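Protein chains in written order, with the numbering used here: chain F, 32 to 145; chain R, 445 to 561. A virtual CB, placed ideally from N, CA and C, is assigned to each residue, including glycine. What you are looking at is a predicted structure, and each value in this text was computed from that prediction instead of being measured. Comments concern the structure below.
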């Protein structure tokens with residue numbers, strides 16, 4: 032069963048506008064979350080993380096929000112740029128007791144239109 | 445560091461043939477993961493190793509799949525016999541299992557695109 036879900040397989044946004052990518056999880060023991068970005072023919076690369084002790088983490092144009100009560104996190108990209116067009120995966124971890132294992136969503140393909 | 449190195453980048457094989465995918469993790473990383481990417485399941489964990497020991501292989505779809513990590517710098521994922529439904533991109537990833545090791549999650553290789561015809 033998919034413990035991390037990204038219900039939007041694709042998203043299109045105009046350049047300069049905000050992109051919002053959503054992720055839901057079912058396991059309340061998850062306490063660490065990551066977003067990865069993947070270009071075609073490349074492996075996923077780390078983008079931004081957030082620990083459950085925080086509800087927001089910001090890195091430049093990228094901000095991740097965590098709503099623990101709703102088991103929901105989102106990635107905001109402002110302003111969106113054509114180079115942001117990629118597949119974005121969210122991932123969650125339950126902690127070192129599980130061997131540092133991350134569970135991934137199915138990904139959202141973002142297209143930023145120039 | 446050259447990152448996680450996977451070979452081959454592309455593999456086309458006939459149904460029934462044996463396929464071996466290879467991975468060299470980042471030096472110093474003590475966890476290694478094999479993932480398969482499909483449209484339906486996204487990044488699906490097949491198996492992972494800590495300190496060269498297989499910890500969880502519950503994601504391996506069938507007995508046709510096997511993985512080994514004979515030493516800290518090399519791992520293989522073997523499919524024997526291969527079937528068309530095994531066609532996917534297979535990723536290897538490594539990480540440092542430590543208190544600070546979750547900071548950046550995994551470092552992924554570029555993947556092997558497997559096509560079984």
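My assumption, with CB atoms under 8 Å, is that residue i sits in contact with residue j. Please give the rounded CB distance.
i, j, result
"residue 119 of chain F", "residue 87 of chain F", "No, residue 119 of chain F and residue 87 of chain F are not in contact; Cβ-Cβ is about 18 Å, not under 8 Å."
"residue 463 of chain R", "residue 522 of chain R", "7 Å"
"residue 105 of chain F", "residue 52 of chain F", "7 Å"
"residue 465 of chain R", "residue 520 of chain R", "7 Å"
"residue 475 of chain R", "residue 493 of chain R", "7 Å"
When the Cα of residue i is compared with those of the options, which residue comes out closest?
i, options, result
"residue 36 of chain F", "F/64, F/83, F/43, F/75", "F/64"
"residue 122 of chain F", "F/82, F/144, F/145", "F/82"
"residue 59 of chain F", "F/97, F/76, F/79, F/125", "F/125"
"residue 502 of chain R", "R/530, R/489, R/552, R/449", "R/489"
"residue 562 of chain R", "F/96, F/75, F/90", "The structure shown does not extend to residue 562 of chain R, since chain R spans only 445 to 561, so no value can be given for it."
"residue 115 of chain F", "F/57, F/97, F/47", "F/47"
"residue 84 of chain F", "F/96, F/110, F/136", "F/96"
Locate the beta strand (DSSP E) running through residue i, then write down its first and last residues.
i, result
"residue 145 of chain F", "Unbroken run through residue 145 of chain F: none, as it is neither H nor E."
"residue 486 of chain R", "486-494"
"residue 115 of chain F", "It is not in any beta strand (DSSP E) - residue 115 of chain F carries neither H nor E in the DSSP assignment."
"residue 454 of chain R", "454-457"
"residue 560 of chain R", "556-560"
"residue 537 of chain R", "532-539"
"residue 466 of chain R", "463-468"
"residue 450 of chain R", "449-451"
Are the CB atoms of residue i and residue j nearer to each other than 8 Å?
i, j, result
"residue 534 of chain R", "residue 478 of chain R", "yes"
"residue 141 of chain F", "residue 42 of chain F", "yes"
"residue 532 of chain R", "residue 461 of chain R", "no"
"residue 515 of chain R", "residue 495 of chain R", "no"
"residue 144 of chain F", "residue 107 of chain F", "no"
Legend entry - Contact between the stretch 469-486 of chain R and the stretch 523-543 of chain R (3+ Cβ pairs under 8 Å): Inter-segment contact for the stretch 469-486 of chain R and the stretch 523-543 of chain R is present: three or more beta-carbon pairs are separated by less than 8 Å.
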